[in-house]
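The structure appears below as structure tokens.
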Amino acid sequence: MAETQIDQASARPIRPGPHEAKPPPARRRRPPAARVALIHGAYLVGGGLWPILDLRSFMMATGPKVEGWLPKGVGACMANIGAALAAAGVRGKVARELRILGVTTALSFAAMDFWYAGVRRRISRVYLFNGVAQLGFAAAWAFAEWRESQDGRRPLEAAFA
Numbered sequence: 103m104a105e106t107q108i109d110q111a112s113a114r115p116i117r118p119g120p121h122e123a124k125p126p127p128a129r130r131r132r133p134p135a136a137r138v139a140l141i142h143g144a145y146l147v148g149g150g151l152w153p154i155l156d157l158r159s160f161m162m163a164t165g166p167k168v169e170g171w172l173p174k175g176v177g178a179c180m181a182n183i184g185a186a187l188a189a190a191g192v193r194g195k196v197a198r199e200l201r202i203l204g205v206t207t208a209l210s211f212a213a214m215d216f217w218y219a220g221v222r223r224r225i226s227r228v229y230l231f232n233g234v235a236q237l238g239f240a241a242a243w244a245f246a247e248w249r250e251s252q253d254g255r256r257p258l259e260a261a262f263a
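Residues in the sequence shown are numbered from 103 upward in steps of one, following our numbering.
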């Protein structure tokens, strides 16, 4: 029997299989409410854990406290709310209840900060910075809601144009 050697490539090109022919998936952007939940949640977790982890530096920044359990308790509640918001933000889907929680938490902290640090002057004026940040988060929640309502009215785009 004669042996034949194949030194050349075949004349037919190799066709890609079904997985190779698919275009790469489109990069999916996080919805606006999920981005706000992620950032607001991280802010609340950080601010909430600070008095728990280092009460001394917290009191140096915000002024002396009569009882240490109160900032730790409020911090734990803040961290819990922040963890729920951040988890929803990471998942990319923020339920209506968590949106309400985010807005009302921001407005509640802003109201307390402006009332007790600004009007009554019972706590350190440093809390006014937190009040401004919380008003910013409330505005971001409102903007995210408006933006998503506008996206819902927009006609769908073609997947492959």
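For each residue, glycine too, the CB sits at the ideal point set by N, CA and C.
- Query: Between the Cα of alanine 244 and the Cα atoms of Gly177, Pro134, Ser159, which residue gives the shortest distance?
  - Reply: For this step, residue 244 is matched to residue 142 along the sequence shown. Of the candidates Gly177, Pro134, Ser159, the residue whose Cα lies closest to the Cα of alanine 244 is Pro134.
- Query: Distance, Cα to Cα, valine 176 vs aspartate 215?
  - Reply: Here residue 176 corresponds to residue number 74 of the sequence shown, with the count starting at 1. Here residue 215 corresponds to residue number 113 of the sequence shown, with the count starting at 1. Across the structure, valine 176 and aspartate 215 are spaced so that their CA atoms are roughly 13 Å apart.
- For leucine 155, is the classification buried or exposed, using 16 other Cβ atoms within 10 angstroms of its Cβ as the cut-off for buried? What you label residue 155 is simply residue 53 of the sequence shown in a count that begins at 1. Under this definition leucine 155 is an exposed residue.
- Is leucine 187 near alanine 139, with beta carbons less than 8 Å apart? Your numbering for residue 187 matches position 85 in the sequence shown. Your numbering for residue 139 matches position 37 in the sequence shown. Yes, they are a contact pair.
- With burial defined as no fewer than 16 other Cβ atoms inside 10 Å of the residue's Cβ, what is the status of leucine 172: buried or exposed? Stepping through the sequence shown from its first residue, residue 172 is reached at position 70. Around the beta carbon of leucine 172, fewer than 16 other beta carbons sit within 10 angstroms, so the residue counts as exposed.
- Item | Selected residue, minimal CA-CA separation from proline 166, among Arg114, Trp217, Val228, Lys195 | Looking up residue 166 in the sequence shown gives position 64. It is Val228.
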